[in-house]
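Number of protein chains: 6
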Amino acid sequence: MSRPKGERVVYLNGRYVPESQAMVPFRDRGFTRGDAVYDATRTFAHRIFRNKEHIDRLYRSLSYLQIDPGLTPVEMMQATVEVAARNTPLLAPDADYWIIQRVSRGLDAPDKAIWGQDGPTVIIECQPLPFRERAPLFRDGIKVFIPSVRRTPPECLSPRAKTQNYLNLILGDLEVRDRDPAAWPILLDMDGNLTEGRGANIFIVRDGVLLTPHERFVLPGISRQTVIEIAETLDLEFKEADIDLFDAYNADEAFITSTSFCVCPIQSINNVAVKSAVIPGPITSKIVEGYRQVVQHDFYGQYLSHLAVR
Amino acid sequence: MSRPKGERVVYLNGRYVPESQAMVPFRDRGFTRGDAVYDATRTFAHRIFRNKEHIDRLYRSLSYLQIDPGLTPVEMMQATVEVAARNTPLLAPDADYWIIQRVSRGLDAPDKAIWGQDGPTVIIECQPLPFRERAPLFRDGIKVFIPSVRRTPPECLSPRAKTQNYLNLILGDLEVRDRDPAAWPILLDMDGNLTEGRGANIFIVRDGVLLTPHERFVLPGISRQTVIEIAETLDLEFKEADIDLFDAYNADEAFITSTSFCVCPIQSINNVAVKSAVIPGPITSKIVEGYRQVVQHDFYGQYLSHLAVR
Amino acid sequence: MSRPKGERVVYLNGRYVPESQAMVPFRDRGFTRGDAVYDATRTFAHRIFRNKEHIDRLYRSLSYLQIDPGLTPVEMMQATVEVAARNTPLLAPDADYWIIQRVSRGLDAPDKAIWGQDGPTVIIECQPLPFRERAPLFRDGIKVFIPSVRRTPPECLSPRAKTQNYLNLILGDLEVRDRDPAAWPILLDMDGNLTEGRGANIFIVRDGVLLTPHERFVLPGISRQTVIEIAETLDLEFKEADIDLFDAYNADEAFITSTSFCVCPIQSINNVAVKSAVIPGPITSKIVEGYRQVVQHDFYGQYLSHLAVR
Amino acid sequence: MSRPKGERVVYLNGRYVPESQAMVPFRDRGFTRGDAVYDATRTFAHRIFRNKEHIDRLYRSLSYLQIDPGLTPVEMMQATVEVAARNTPLLAPDADYWIIQRVSRGLDAPDKAIWGQDGPTVIIECQPLPFRERAPLFRDGIKVFIPSVRRTPPECLSPRAKTQNYLNLILGDLEVRDRDPAAWPILLDMDGNLTEGRGANIFIVRDGVLLTPHERFVLPGISRQTVIEIAETLDLEFKEADIDLFDAYNADEAFITSTSFCVCPIQSINNVAVKSAVIPGPITSKIVEGYRQVVQHDFYGQYLSHLAVR
Amino acid sequence: MSRPKGERVVYLNGRYVPESQAMVPFRDRGFTRGDAVYDATRTFAHRIFRNKEHIDRLYRSLSYLQIDPGLTPVEMMQATVEVAARNTPLLAPDADYWIIQRVSRGLDAPDKAIWGQDGPTVIIECQPLPFRERAPLFRDGIKVFIPSVRRTPPECLSPRAKTQNYLNLILGDLEVRDRDPAAWPILLDMDGNLTEGRGANIFIVRDGVLLTPHERFVLPGISRQTVIEIAETLDLEFKEADIDLFDAYNADEAFITSTSFCVCPIQSINNVAVKSAVIPGPITSKIVEGYRQVVQHDFYGQYLSHLAVR
Amino acid sequence: MSRPKGERVVYLNGRYVPESQAMVPFRDRGFTRGDAVYDATRTFAHRIFRNKEHIDRLYRSLSYLQIDPGLTPVEMMQATVEVAARNTPLLAPDADYWIIQRVSRGLDAPDKAIWGQDGPTVIIECQPLPFRERAPLFRDGIKVFIPSVRRTPPECLSPRAKTQNYLNLILGDLEVRDRDPAAWPILLDMDGNLTEGRGANIFIVRDGVLLTPHERFVLPGISRQTVIEIAETLDLEFKEADIDLFDAYNADEAFITSTSFCVCPIQSINNVAVKSAVIPGPITSKIVEGYRQVVQHDFYGQYLSHLAVR
């Protein structure tokens, strides 16, 4: 994949600016306090996926934190389309984008005059998906490890809001990436149940039943929701559940879902291999196939096609 | 206080730039994830207070999050002195500064080339203290309210690290400021004990004993530490303790400490007045006097002098 | 509403006495320890609602606390009917009653001789419903606030027993009423989920689904049960759920249920307005209509009719 | 002990009335909600013990619940002395009294006119101490059992306030009294540490150190405080501590303190005998002796003198 | 029942040895650390019940603890059949066996040479069921008591693995057996919900609904599963639920299930009788009848037939 | 170190038997349920260390679990001395022993006849210390990792009893040893504080203060106690404390204590190096020196002397 020429543009408070010029005042509350939310969809063969669902989720995060973005959901959606449109020409044919909206509460009162900015900071941006780095995960399955740090409980900050406060998840990352840079952390909740990792939901399969952690403790991913809908069309029993390490170590199959990953099989949890002899296992394979149809794109093949030639 | 002319400068990754030009890439991890720590001291009559203690605490926060600032503590301290020196001419005689160091983990790998920046983002900056807004609090005492949201527990993210992840405290702020913009939230921990508010520690006095929440659940404030040392010189019994609402509603006196406030009396907690008939009460007054001596500055009179003439 | 003349009567240990003469020994365990349970139904247009269900619930509370009321459920029900019958003539046409049974464990052994009373204390009484005070809540919706105090967990004292130990809920009331006397507290459980307020259950509507806290953490209200049954007849999806502040701040609609309120819309939770532009919202309105049919009485209009003329 | 003739009097809202006529409206919030606090001291040889300390504690309970008793502490103390004086003639020479103040929040607004009472309900009363029933406990030691129900946590209702909400402790009583009517329950807190039973604190002795649960989880008994002071005069190491069943099953000695018991040895905890071969053990005996001196009365001999002659 | 002559044999690491010669090195990790799992089925009229389900569960316990038994499930099943076959001749006609597999991690490295044993320790054994001791429980119902000790939470050691670490349950046993040797403990979980006792699951019936604790906190018994399947065939509503003492004290019926008990009625919980006037109650009786059919054996009559003649 | 010839002997229920013949019935409750406790001291230059303290601790574990060993502490101590004496001739001059007492509850009633054994199983045994395997840890420091599994809380099973139920700690081991076989796990408690690993206590040094977890959550090691006493003689400030990962990542020094390790420095926790540039750091070195004097043996040099020659 050779990178097309030119620079991407970013929507920044109503203007479209070259990415390298998209800067924020260092006193923006998004920087000084992480006082911001975001959402991210992706493109499939250059088409935006479920833009509206992502925007709706963004506005739920905004409601939770009582941030007023100054745009209606429809305006936010239109600007998202525009950003995608302006940046698509820069994409290689086999590449795709994350498309991300970010809204911070903006500047505190004394800083507004300094930077001449009132109201929230709204950014819409694109980032190329890291196909090459992740391709081996689709071939071999992801190795998941459980760090010792626990996921922030909802009575302190709801994991359902997609905020720019990531230090809890980063602490989990630091424990796990230090062990294996390609591994993925899944944190436990305060009762010892699986929750989520940085930007990814987890599913396990046990005895033909598909299980995922309760929404209360995780970001309710759009891809997670897509998988739930696929399970229904496949007549596959599905349950939100408290899933602990006993379940994890006895999983027949397991996989990660996220906007960018879509569905990526898990090889092992704490180095205990899933029981399925093949990766992805039979049920995961059906989910992958269903996902391909929903997004009308062979995302799995796309990832594998980036496997480095040795 | 008329504001002196000219613009403050900010240390930004080794350069001194005018404040309004101190911008960070929107993809800085400090912005996208709050992946950053900071610390803040203040000046008293334009002299920096306990610079070394603050820098040491900054480096403990950095250790916890495994961020390498790229500067030694001594270099950080020297740059802090330089920033203060460059901005002091802009201060009115009766004004003073917060002086703040901020260190984010910087840019993710794919973004380094775009902004031509490798390594962490280091910022050192000044902000004038809000004497006028806070003057009434020194006259009347602060009204403290306890929000329903609980302080993030240490097994998720230690409150002892002064990070730029503030949403937990902001949720507390939103509950309390909505009721009274001048009120101050103090969050409870997961067991129902007082912890801290946004950037402030709390002390209460009961039966002649000075109590403050255990360090484990709060930022160990330098001002908090200063008060503990003053208590010792005053032969005042002091204990770190689990302090619940029974204690709070039976407090003889109570006060807030922070870098900027130093020591500010509390009028009431959840609208239950402290028992002392005068604000500040007798023991708080002794602490205030001790603090004046430590900082060699009448910070309390300075605040009161900004009371608006009606 | 002019109050009819005469004095209400109260059933007190087998006798019918004028209300003002219904006194209990100060050593009654109901007074010295709150060692008592109660239940309360109401009349609609002077007809008692679901007497049997309320009596059954009373006996479950009695079983939990191992208090023997000395009456069979049928006897208790008959005495309830009799109390209602004797007091109905005192009701204005547009007024209605709470009808309440109270059973305390009575006197400790040494006190029995002093007051010549053995066995439990059984009281059945009527109280006029406060239509006028509450009428504005039906017009504007209730403002709900979440206090910092948490609901007593079931392993200490089950909230499912309707006891005369109210201090936990009173602590919540004190926090919220101090802010706004017309506001209603809803306490969180030890995990940060909504439970109940003083004598009231809460429901929220999200994405067309009706949600209410799990029975384990609340009094299982008869009105709550009635609403659940109405939802079924309306083909409205209903779930008992862990409901946290993320749900609350994103609720499309919300309402309170209680014996006296029946169904009363909520305007806001922690001052975050429900998303519905009208109060009551469309689904709440359907529930209200269903409730009217179940009780064969326009309880909502009855409340609104008491709005004070200005 | 033959009971002297005549009837005791009770202070009831400013009047002194015969005990059997001391009644409260059944709608008193003390009855309908246990919305009341109390405190209790005792006499030693007809002299009141630490009246002021008990009244001070009563006012801390009142502050916590924001109940205004309408009397100053001095007035409350004087009325207590008066109640004791009026009732002392009824005491046998070898008998003594509990003297108890009770304050409820009184009547709700609609009920004030009915009973012609505004403001709180204040009661001061005497009860003869149950020497005969308890005498065997001083001879043999108390058998303590740990019920399954946990003590209400401070974030729901502080155990430090001596309230008339006793159902949590009554549930513990029911479990234990059912097994052995003379046994005493001690509940665990939410972390599995010993707290208190109905009106009694517990101490254990391990390796020469005296331990009692942290004040935060128990009523801070005046007798408990007296024992702590005695320990100091005896140069006995003392600590507030988290005490769990491992400590309990390895206690060398253990004892209960309460206003009426003063100090009563424990024989066993969950039927595991304390290690001391004699009851009371050597350190408990010293504490008992110290207590005798503080109260200037052989309370222990007084209890034993009531052992029934067989 | 006269005991047939001869000695039972035990499968021990591939050999069949007389029971009294089945010894393990004292340094076996099963002995020094309880580092072992087991499973147990029983015979009905000398036929093994659900051998495969039990072996599957054994292998889930092994997976959780990452112990490799060195045998495939089929081999384990065949050896089980062989052990049963060899020992059946020793059974009286009206007697039956537990058949138990035990797998420990074996010896630590330095001990392997000493005992000449590498790999795990695998034992398969039979034990006669205690019909006589338990017969009264089937006649009168079991008395269940709730000890103060809580069941180990899944984040420490999953109760779903059937391990040889029993001290948590033994602590519960000690509290309850001390009170009544025939009573059965059921421990609460960390939130105060019923879990299980030593080797037994509990069900309660309330308002016609069959409830049992969530699998997460208990061993998922094969008998428990059998009852769930029977409930389905009986069109009996069934739910896994959080069941607390309020439910327990209001249960219409309750029963224990275990491999050996199958289904045994409960008489009372903490001495509060179930509401059903007959033991077993009507729904329990239907379950018993269903169980008889599933196992094709009158297990209930078998137990009762061993009632001692007086 | 060449191993001396001959076989060690073991005390087994009153007899001294060759180690390889020290077997226990597989139905011993120590094997089937881990229903057993143990304790372990070691020799220094062939002398037993603090035999009495270890025996006393053993008896506290026995009390907690209500196991009667059938021997007095003095008899147990004497048998321990005898076992050491009999096995010392087999020790190389530079080698030393663990000396371990194990007491299980023995056989259940039906099994007593089979094995002809009544009462508990008492074993006293020796094991050579693993100097060679551990020598590198003394040179480089131990790498500590924190597993995701939490230490069993005291309300389920007190960590202060040294029992043969090790699965909770083994789960921690499995997570950490899989990463690095020479690493050592330290589990967190339910609140996220450091506790202990398999048979080892942890200390950290911060700002010149020595800290170790509260006794309540760990085995109170004799070596731990020895270090505490050494700290006192060194005038080193010492505190039992809640120690979380913030402390751990900011530790100046850290070390493990155990009977066999005595004091072994820690290199890093979760791969975050302690701040001391040398291993062991200055304070650890003083503790090591103090320990050498207490045990009158250069244990540290002994370990280092076994470093394999390459």
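So the sequences go chain by chain: A, B, C, D, E and F. Take the first sequence: its letters are residues 1359 to 1668, numbered as in this note's numbering. Take the second sequence: its letters are residues 1359 to 1668, numbered as in this note's numbering. Take the third sequence: its letters are residues 1359 to 1668, numbered as in this note's numbering. Take the fourth sequence: its letters are residues 1359 to 1668, numbered as in this note's numbering. Take the fifth sequence: its letters are residues 1359 to 1668, numbered as in this note's numbering. Take the sixth sequence: its letters are residues 1359 to 1668, numbered as in this note's numbering. Positions of the beta carbon are idealized from the N, C-alpha and C atoms, including for glycine. Predicted model, so just to flag it, every value in this text is computed and none were measured.
Item: Residues that C:Asn1526 contacts on chain A, provided the C-beta gap is smaller than 8 angstroms; Value: Going along chain A, no residue has its Cβ under 8 angstroms from C:Asn1526, so there is no contact; the nearest lies around 17 angstroms.
Item: Within the stretch 1586-1648 of chain F, ranges of the alpha helix (DSSP H) (whole runs, at least 4 residues); Value: 1603-1607
Item: Assumed close pair F:Cys1514, E:Arg1650 - CB separation to whole angstroms, cut-off 8 angstroms; Value: So it is not a contact: roughly 37 angstroms between Cβ atoms.
Item: Best match in D:Leu1568, D:Arg1564 and D:Arg1518 for proximity to D:Gly1557 [C-alpha to C-alpha]; Value: D:Arg1518
Item: C-alpha gap between B:Asp1565 and B:Asp1610, whole angstroms; Value: 7 angstroms
Item: Test: A:Gly1499 CB closer than 8 angstroms to a CB of chain E; Value: no
Item: Unbroken beta strand (DSSP E) run spanning D:Arg1387, endpoints; Value: First-last for D:Arg1387: Arg1387 to Thr1390, but that is the alpha helix (DSSP H), not the beta strand (DSSP E).
Item: Chain D within 8 angstroms of F:Glu1513, Cβ atoms only; Value: yes
Item: Min CB distance A:Pro1505 to chain F below 8 angstroms; Value: yes
Item: Other residues of its chain near B:Pro1640: CB distance less than 8 angstroms, five sequence neighbours each side excluded; Value: Glu1611 and Ser1634
Item: CA nearest to the CA of C:Ile1601, picked from C:Val1563, C:Tyr1422, C:Leu1420 and C:Phe1489; Value: C:Val1563
Item: Beta-carbon separation (whole angstroms), B:Pro1578 vs B:Ile1560, contact threshold 8 angstroms; Value: Incorrect: roughly 13 angstroms between the Cβ atoms, too far for contact.
Item: Whole alpha helix (DSSP H) elements within the stretch 1390-1444 of chain C, 4-residue minimum; Value: 1409-1423
Item: Segment contact flag, the stretch 1497-1504 of chain D with the stretch 1615-1631 of chain D, C-beta cutoff 8 angstroms, min 3 pairs; Value: yes
Item: Nearest-angstrom Cβ-Cβ length linking B:His1404 and B:Asp1454, presumed shorter than 8 angstroms; Value: 7 angstroms
Item: Cut-off 8 angstroms between Cβ atoms - residues of its own chain near A:Thr1510, not counting five sequence neighbours on either side; Value: Pro1517 and Asn1526
Item: Residues that B:Leu1546 bridges to, as DSSP identifies them; Value: B:Arg1508 and B:Leu1552
Item: Neighbourhood of D:Ser1360 by C-beta, 6 angstroms cutoff - its chain only, sequence neighbours within 5 removed; Value: Legend: pLDDT at D:Ser1360 = 47, less than 50; position of this residue unreliable, no value from coordinates given.
Item: Interface residues of chain F facing D:Asp1600 [CB-CB closer than 9 angstroms]; Value: Pro1512, His1572 and Arg1574
Item: Cut-off 6 angstroms between Cβ atoms - residues of its own chain near F:Asp1656, not counting five sequence neighbours on either side; Value: Arg1650
Item: Every unbroken alpha helix (DSSP H) inside the stretch 1474-1526 of chain E [4 residues or more]; Value: 1489-1498
Item: Beta-carbon proximity of A:Leu1592 to A:Lys1644, cut-off 8 angstroms; Value: yes
Item: Three or more C-beta pairs below 8 angstroms linking the stretch 1470-1480 of chain F and the stretch 1438-1455 of chain F; Value: no
Item: Check whether F:Ile1458 and F:Glu1483 have beta carbons under 8 angstroms apart; Value: yes
Item: Residues that D:Val1630 contacts on chain F, provided the C-beta gap is smaller than 8 angstroms; Value: Ser1421 and Gln1424
Item: Simplified DSSP assignment, three categories, for E:Gln1379; Value: helix
Item: Whether E:Tyr1658 touches E:Phe1496 by CB criterion (8 angstroms); Value: yes
Item: Contact with chain A by B:Leu1546, beta-carbon distance below 8 angstroms; Value: no
Item: Residues near A:Glu1377 in its chain [Cβ-Cβ closer than 8 angstroms; skip 5 each side]; Value: Glu1365, Arg1366, Val1367, Val1368 and Glu1483
Item: Min CB distance B:Glu1533 to chain C below 8 angstroms; Value: yes
Item: Cβ distance (whole Å) where C:Val1652 is taken to contact C:Val1621 below 8 angstroms; Value: Not quite, the Cβ-Cβ distance comes to about 11 angstroms (not below 8 angstroms), so this is no contact.
Item: Any C-beta of chain C under 8 angstroms from that of A:Arg1509; Value: no
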